[in-house]
Amino acid sequence: MTDRLEWFRENEARIYRYFDTLHAIPEPGFQEVKTSAFLAGELRRLGYAVQDSFARTAVLGTLETGQSGPVVCLRADMDALTFTVDGETKHIHACGHDANCTEVLAAAAAAAETGFLKHGTLKVLFQPCEETMQGALSVLESGVLNDVDYMFGTHLRPARELESGACPAVLHGAMAVARIAVHGRSAHGARPYEGINAVTAGARIVDAVTKLSPKDETPCSIKATRFETAEGSVNIIPAEATLFFDIRAQTNACMDWLKEQLLRITERIAKETGAGCELCYTGGVPAAEASQEAIAYAEKAIRRVCGGQCHEPVITAGGEDFHFYTRHIPGLRASVLGFGAHMKEGLHQPKMSFDRSVLPVAAEVLACVAETIMK
Numbered sequence: 008m009t010d011r012l013e014w015f016r017e018n019e020a021r022i023y024r025y026f027d028t029l030h031a032i033p034e035p036g037f038q039e040v041k042t043s044a045f046l047a048g049e050l051r052r053l054g055y056a057v058q059d060s061f062a063r064t065a066v067l068g069t070l071e072t073g074q075s076g077p078v079v080c081l082r083a084d085m086d087a088l089t090f091t092v093d094g095e096t097k098h099i100h101a102c103g104h105d106a107n108c109t110e111v112l113a114a115a116a117a118a119a120e121t122g123f124l125k126h127g128t129l130k131v132l133f134q135p136c137e138e139t140m141q142g143a144l145s146v147l148e149s150g151v152l153n154d155v156d157y158m159f160g161t162h163l164r165p166a167r168e169l170e171s172g173a174c175p176a177v178l179h180g181a182m183a184v185a186r187i188a189v190h191g192r193s194a195h196g197a198r199p200y201e202g203i204n205a206v207t208a209g210a211r212i213v214d215a216v217t218k219l220s221p222k223d224e225t226p227c228s229i230k231a232t233r234f235e236t237a238e239g240s241v242n243i244i245p246a247e248a249t250l251f252f253d254i255r256a257q258t259n260a261c262m263d264w265l266k267e268q269l270l271r272i273t274e275r276i277a278k279e280t281g282a283g284c285e286l287c288y289t290g291g292v293p294a295a296e297a298s299q300e301a302i303a304y305a306e307k308a309i310r311r312v313c314g315g316q317c318h319e320p321v322i323t324a325g326g327e328d329f330h331f332y333t334r335h336i337p338g339l340r341a342s343v344l345g346f347g348a349h350m351k352e353g354l355h356q357p358k359m360s361f362d363r364s365v366l367p368v369a370a371e372v373l374a375c376v377a378e379t380i381m382k
């Protein structure tokens with residue numbers, strides 16, 4: 008039977024065909040119908056038991072070795088981004104999720120066709136809707152990953168973070184979006200004392216928030232990104248205002264502190280101005296809590312495949328909903344591997360491009376991670 012090394016040498020063209028197919032069918036979150044159909048079809052052809060009727064468009068393939076052992080999951084996100092280009096709405100794989108799916112599918116094919124996995128169970132997950140931070144939670148609700156012991160994700164990195172080679176962990180930051188609705192009381196501009204100015208209350212919240220700084224100097228930011236008030240005559244004291252804040256923190260503890268401070272500020276300003284203030288969160292993801300054991304397995308696999316091109320974990324302020332898995336699956340050991348591909352333009356740019364020779368390398372690293380754990 009062909010071994011792992013030989014399989015990747017012989018199937019490089021096939022891996023590029025996977026990518027070309029996926030790149031040609033970009034679809035936004037929870038609409039990855041063609042993408043999931045292609046991936047499910049390939050997994051069935053490879054002999055995987057396939058589940059594709061959960062989390063709307065998710066696909067899960069399961070390969071049993073027949074011997075007891077750990078359950079390892081390789082995960083890729085499927086969704087594309089939406090842009091307006093020359094007045095036309097277009098879906099584009101500008102975050103490299105087509106690459107992620109290619110790598111995991113190729114690793115799955117190698118595992119099925121070579122038999123290098125000896126103990127345990129391999130699961131391959133193609134997750135929808137990462138970009139709007141809803142996909143991982145939808146998958147978790149299904150319960151299909153409750154038995155997973157190890158989980159590995161993959162993502163191409165911007166050149167400023169990783170020009171080439173690979174790293175065993177991408178340490179994403181936490182992200183949250185806060186919405187504050189301020190309820191005042193309208194009045195004539197000539198008699199402001201009869202009203203409660205919602206804009207003034209909102210402005211005081213913004214001013215207080217800009218002065219926040221954690222004592223431990225953890226990298227973080229909290230800033231107002233939108234401030235809305237009702238349309239109408241400019242000589243009327245506004246009764247309503249809505250504020251939005253983008254919040255970033257490199258650790259979950261720091262994010263918890265920022266949220267606590269925002270609540271305290273909101274409650275204090277409401278009390279001092281007499282305005283009603285409602286604080287809620289409209290989105291967010293936790294920071295990475297990568298397992299040292301998972302990182303060690305990933306590093307070992309990278310060194311076996313890439314030699315000296317194994318770099319230190321990358322720290323990034325960007326968010327990733329992969330990290331919901333570590334928060335919701337007890338005892339899960341997980342990490343997102345990062346791959347450098349001489350990326351141009353950068354992630355989330357419509358003209359983003361990369362050196363696709365990274366695809367078979369990254370796929371082999373993922374296969375090697377599974378092999379190392381399931382030997």
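Residues in the sequence shown are numbered consecutively from 8, following the numbering used here.
Note that beta-carbon positions come from the ideal geometry of N, C-alpha and C, so glycine has one too.
Under the three-state reduction of DSSP output, Val151 falls in the coil class, being neither helix nor strand. Just measuring C-alpha positions, the residue of Met262, Arg275, Ala166 sitting nearest Val213 is Arg275.
In this chain, the alpha helix (DSSP H) harbouring Leu270 covers 259-280. In the structure shown, the three-state DSSP call for Tyr55 is coil. An exposed status is given to Cys287, since fewer than 16 other beta-carbon atoms sit within 10 Å of its beta-carbon. Fewer than three pairs of CB atoms, one per stretch, sit closer than 8 Å, so the region 146-158 makes no contact with the region 279-296. A direct Cα-to-Cα measurement between Thr207 and Ala237 gives close to 14 Å. Rounded to the nearest whole angstrom, the CA to CA distance from Ile99 to Met359 is 9 Å. Taken in chain order, the complete alpha helix (DSSP H) segments of 4 residues or longer contained in the region 170-241 are 205-216.
Judged by pairs of C-beta atoms under 8 Å, the region 363-376 touches the region 338-353, as three or more such pairs exist.
Counting only runs of 3 or more residues that sit fully inside the region 85-111, the beta strand (DSSP E) segments are 88-92, 95-99, in chain order.
When DSSP states are grouped into helix, strand and coil, Gln356 belongs to the coil group.
Beta-bridge analysis with DSSP links Ser342 to Phe159. Pairwise C-beta distances place the region 219-231 in contact with the region 246-256, as three or more of them are shorter than 8 Å. Contact between the region 324-342 and the region 150-159 is present, with at least three C-beta pairs closer than 8 Å. Distances from the alpha-carbon of Leu163 to those of Trp14, Val376, Asp362, Glu378 put Asp362 closest. Going by C-alpha positions, Ala116 is about 47 Å away from Pro221. For the options Asp105, Thr89, Ser298, Phe123, the alpha carbon positioned closest to that of Gly338 is the one of Ser298. DSSP places Thr333 in the helix class (H, G or I) of the three-state scheme. Within the model, the alpha-carbon separation for Val241 versus Ala188 is close to 20 Å. Judged by their CB atoms, Gly36 and Gly76 are not nearer to each other than the 7 Å cut-off.
A distance below 7 Å separates the beta carbons of Glu110 and Thr161. Here His195 is exposed: its Cβ has fewer than 16 other Cβ atoms, across all protein chains shown, within 10 Å.
Glu247 and Ala183 have their alpha carbons spaced roughly 23 Å apart. By the beta-carbon neighbour count (other beta carbons within 10 angstroms, threshold 16), Asp93 is exposed.
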